[in-house]
Every structure is written in C-alpha cells, then in structure tokens.
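Reading through the structure tokens given below for one structure.
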Amino acid sequence: MENALLIVIVSLIAVLILIPLLVLLRIYLFDVKQDEHSILRNYPLLGKMRYIIEKMGPELRQYLFNNNNEGKPFHRREFEFVYKAGKYNDRMIGYGSERDFHDSGLYVVNNMFPKLRDEIKVDQQPKIKTKLYKIDNEKLFSRKEHREEGELDPFYLTDDEAIVLGENTARHPFKIKGLIGQSAMSFGSLGDHAITALSEGLGMAGGTWMNTGEGSVSPYHLKGDVDIIMQISPGLFGVRTKDGEFSWEEFKKKSENDQIKAFELKVAQGAKQRGGHVDGKKITKEIAEIRKVEQGKDVNSPNRFHGINNGKEFLEFLEQLRDVGGKPVGMKIVVGNQEQVENLMKAMKETDIIPDFITVDGGNGGTGASYYELADSVGLPTFAALPMVDELLKKYDLRERTHIIASGQLLTPDKIVMALALGADMINIARGFMLSVGCIMAEVCHTNNCPTGVATTDPKLQQALSIEEKKYRVCNYLLALREGVFEMAAVAGIDSPTKFTREHVVLKDQLQEVSNRKDYSYIS
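Numbers in our numbering are just positions in the sequence shown, counted from 1, shifted up by 82.
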C-alpha cells in the first residue's frame, strides 16, 4: 500500500514539475540557437511569453482594456447595440450617453416641436412574426433567459414615399419600402450558413434587399425569397466565359431571375481599390462553379473593367446591360477627389445615361481581405464623400434622376440618419449584419478561420452558426434600425426619413463652435 502511494506521489511530481521543466528546457535550447528572432535568442523564456501576450493582444484590448468608446472599427457600445437589437429588438440604454461631447462631431438637429407618432408617414402592415429573447434573471455569475414568439411593426415607407429604382429607365423597376439593405457580401467570403441566415432574416423583415457581392448569386442568397441586387465586378464572376470574358448569355439568365431586382457595377470598393481577393482555400467546388473559376486557386479580380477606359465607355456598357436585362443598373464608387467625380457627372450629362443608383462606399468600409495601405489610406470616408456626390449631381441637374446609396460603418440609427442628411437616399450595411449573425470582430476573415463560422467556408467552423437562431436576429436588428430612423425623423420634425436634408445635421468642433456647411471633406 505504501509503495503504491509512493509511486503515485512520484508520478505527480513528474507530471507537475519535471515535465514542465523539460518543456521549458526544450524551448530554451531551441530558441537560444535560432537566428530568426533576436529577442528569443537573448531571452528565450521571457521572449516566448512576450509573443504569447502579443498574440492575445486584440482580445485583451477588446474585452479588458479598451473603454466603451475606443475599439476599432467599432467600439463596444456599437456592437452591443447590434447584439441587443438582434436578440431582444432593444435600443434602450440607462443613465446617459458615454460619448465624449468635447470632441468634434456631427449632431442631428432636433425640432422644438417634433412630429407626433400619428403624424408620421409609416406603413405598419403586415406585422412581422419573429422570435425574441426575454431576460428572466441576470446576476454576475448566472443568467437566465428564454426565447418566445414575437410580433413586430415593420416600419415600411408608405407607397407614396417608397423609392423606385429604374422608374423611368427600366422595363422592370424595383420598388423599395425599407431604406436599409445588406451591402455586398459574397458567398465564398462568407459561408453558406451565414448567407442563408442573412437571406432568410432579410426576407422575413421585407422591404429590403441583399447585395450578392462580386461572387455572383448563390443558392443561399435566394433561400429567403429576399430581393436581390446582383453585383458585377471587373472579375465578371457569374457572368463570364471560361476564358474570363463577359458572357451576355449568362447575364440574360441572371436577368430572367425574378428574385434579382437590379444589378450593380462595381467600379471600386472603399477598403480595397485593387479589386477583390479570395484565398484559394476558400474556393470550394461549389463556389468555383458559381463564380465560374478554378477550384482551390486564389481569386483576384482586376481593379477595373477590361476595355473600359473612361466614364463615357462605362456608361455605354451600363446602358447596354439595362437594355438587355430590362432591370435597373447602378454603380458602386469610391470618392477620391472632386475633379474625378465631376468628370463622371459630365459624362452622364453628355451621354444622357444616368445610373439608376450610385453606391458611395467610404474608405472606412469593411472587407473580407485587403492590404493594409489600401484599407487605411485610400478613398474618402463616407461622411466626406456623400456631400460631394450629392452637390455635383445637383450642379448638373441629375439629382432627381438617380439615387444615392451610402455605405461604410453605418450600423446604428444615428449614423444612418446622418448619412441620409448628407445626401444618401438609402443605406447599405455589411458588418452590422455580420455582427447580427455572430461575428465577434476577430479580424481573421481572410484566413478562413473565423471562430464563429461567419466568414469561413470550413464546414466544421460553420457548425457554430445556427441558421434557425441567427435569421431572427438579422430580422430583429433590421427592424430596430428602421424604427430608430423613424423615431429620429419625428424628433427632427419631419414625417418621413426620406425628407432628411443637410439642414438636419450640424458639426460641432472642439472649440464648441457649431456650423452647418455644404463641405464636410474634413470629416474623418
């Protein structure tokens, strides 16, 4: 008996002391001889701890060290808003704002005599059946909640306030009653679980649209019977021949799909003006067939359409697509300077070819994969770009003939209203909807290792994403956004969010001076 006890004690000592010592010795002997890392050569053990902590840095900052307003690209208050709106359809906070009111920033102008609820132009039929969580008990170390059936108001625009794309240009115009839609996110960049949950959630909410991104239309985009805007990039994915040339035959097939309501030609994207990129490890057989590319190989789209060298040639291509497809066609741009935007407006005026919509994507927009220097330093942010495009369209008497869609970090009602006031007619959101299906901002979208199964095609990782659960959060988040926008319209003294103008937003600088300017090019 004593011998057995002694053996156990010796074994425990070996496990708890000797084995860790051997591991540390192995690390020490390896690192002290290697040439790659200087700090590990001089301080093998401490240096290893440094690299481990550095690897954990993003998570430590996000969850422990950043205050509620510091995180990038979205701070804790913003992504908590998305989570609560998606799970509980809740926009409430307690005690007061945590915004630093000493900093410069935009503010929405309130009216001293706001609109009452019964004065607002809003369509609340049909009601949206969804599922919401209710908190039963919440303590520090325990939390009880349950999910139950719910019925929410849709907050649609009325028929007379609805936006119609291609009303005077396309054989099949696209009527929109919801103002807010999903920005371009491709199948391949996101997995089939995420795309399906988004499609079904948006379809439940109604009055909205889903932009396919440049990866073409997948079966998962179509799952929720949601209206689709198909994006066509310079890579021509989904509408190309085997040799990579544009295929009119494939385009006609897409235009005959009743669920596809419009097309968007991608001139540029805010976070990557180089064209799109998807790593080969994300390109499965299915994705390759949808995009009409080779399986397992990196996919890079050119940074502009081959054979199109100026605005006139681009607009002629756009018009040809509209004639053949019979559906509205718009374009997605990133604003760099006024001269280039003005040249585009001049080409529209001269040719009398006007896109049915212009998506203005800010340099602060998101992406599944880009290079540091492009994401950080190319293209004006959304709030600087919008007024420029709006003013130039007015200068050439084109504003009433097209619509502006704004995108780039517009995931809360106040940011949406600011964009509407600065010139937008509609809003695109990508990362907000990613958060609604479980994204935790791990910033590994380009690696195919998304821990929550959102930005990955790995079947094992996608198991984490329950379509049945997340589709309701997508729906609830969108409805919360629309309700918040209508609430802000009432506060501003207007009866519809379609009536926001530059007068409804002011800039307060750090000296506490307030101005209402046409030029917001200095806004970061």
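Note that beta-carbon positions come from the ideal geometry of N, C-alpha and C, so glycine has one too.
- Annotation for threonine 538: Gly273, Asn530, Cys532 place their beta carbon closer than 6 Å to its own, counting only its chain and skipping 5 residues before and after.
- Its Cα nearest to that of histidine 528, the residue Gly362 stands out among Leu188, Gly444, Arg481, Gly362.
- At the C-beta level, threonine 484 and proline 437 come within 7 Å of one another.
- The beta carbon of alanine 546 is closer than 8 Å to those of Gly520, Pro533, Thr534, Gly535 in its chain, skipping five residues each way along the sequence.
- Runs of the beta strand (DSSP E) lying entirely within the stretch 303-338 and spanning at least 3 residues, in chain order: 310-314.
- A Cβ-Cβ distance of about 6 Å is found for the pair arginine 584 and alanine 503, placing them in contact under the 8 Å criterion.
- In this structure, phenylalanine 333 lies away from methionine 312, with their beta-carbon atoms at least 7 Å apart.
- C-alpha of leucine 127 to C-alpha of leucine 106: approximately 7 Å in a straight line.
- Here asparagine 293 is not near serine 329, since their CB atoms are 7 Å or more apart.
- In the structure shown, arginine 225 falls within a strand segment according to DSSP collapsed to helix, strand and coil.
- No residue range can be given for glycine 520, since it is assigned to no beta strand (DSSP E) and is classified by DSSP as neither H nor E.
- Around the CB of glutamine 491, 16 or more other CB atoms lie within 10 Å, so the residue is classed as buried.
- Lysine 476: member of the alpha helix (DSSP H) spanning 464-477, first to last residue.
- Counting the other Cβ atoms within 10 Å of the Cβ of valine 471 gives 16 or more, which makes it buried.
- For alanine 488, the secondary structure class from DSSP, reduced to helix, strand or coil, is strand.
- Shown here, lysine 553 sits in a helix according to DSSP, grouped into three states.
- Looking at the DSSP output, asparagine 293 bridges to Ile311.
- Closest in C-alpha terms to tyrosine 559, from the list Asn219, Leu493, Glu473, Leu239, comes Leu493.
- Straight through space, the alpha carbons of valine 191 and serine 597 are spaced by roughly 11 Å.
- In the three-state reduction of the DSSP assignment, glycine 575 falls in the coil class.
- About 18 Å separates the beta carbons of arginine 173 and asparagine 151, which is beyond the 8 Å limit, so they are not a contact pair.
- Partner residues in the beta bridge of serine 597, as assigned by DSSP, are Leu589.
- Assignment of beta-bridge partners to alanine 344 by DSSP yields Ile311.
- Taking C-beta atoms as the reference points, alanine 572 and isoleucine 202 count as a pair closer than 7 Å.
- Judged by their CB atoms, glycine 352 and glycine 444 are nearer to each other than the 7 Å cut-off.
- By the Cβ criterion, the stretch 404-411 is in contact with the stretch 248-268, since at least three pairs of Cβ atoms, one from each stretch, lie closer than 8 Å.
- For the stretch 84-115, the full-length alpha helix (DSSP H) segments reaching 4 residues or more read 84-95, 101-113 along the chain.
- Under the Cβ criterion (8 Å, minimum of three pairs), the stretch 370-385 counts as touching the stretch 310-324.
- Judged by DSSP secondary structure, tyrosine 170 falls within the alpha helix (DSSP H) whose first and last residues are 158-170.
- Rounded to whole angstroms, the Cβ separation of lysine 209 and aspartate 235 is 7 Å, and the two are in contact under 8 Å.
- By the criterion of a C-beta distance shorter than 6 Å, valine 308 is surrounded in its chain by Ser281, Leu284, Gly285, Met292, once the five residues flanking it on both sides are discounted.
- Shown here for lysine 394: same chain residues with a beta carbon closer than 8 Å to its own, the five before and five after excluded, namely Ala429, Glu432, Thr433 in chain order.
- Put simply, of Lys154, Ile310, Gly326 the residue whose alpha carbon is nearest the alpha carbon of serine 337 is Ile310.
- A check of alpha carbon separations from isoleucine 342 across Tyr189, Pro384, Val411, Ala279 identifies Val411 as the nearest.
- Bounds of the alpha helix (DSSP H) holding aspartate 274 are 274-287.
- Shortest Cα-Cα distance from leucine 397 to any of Leu347, Gln422, Ala562, Leu456 involves Leu347.
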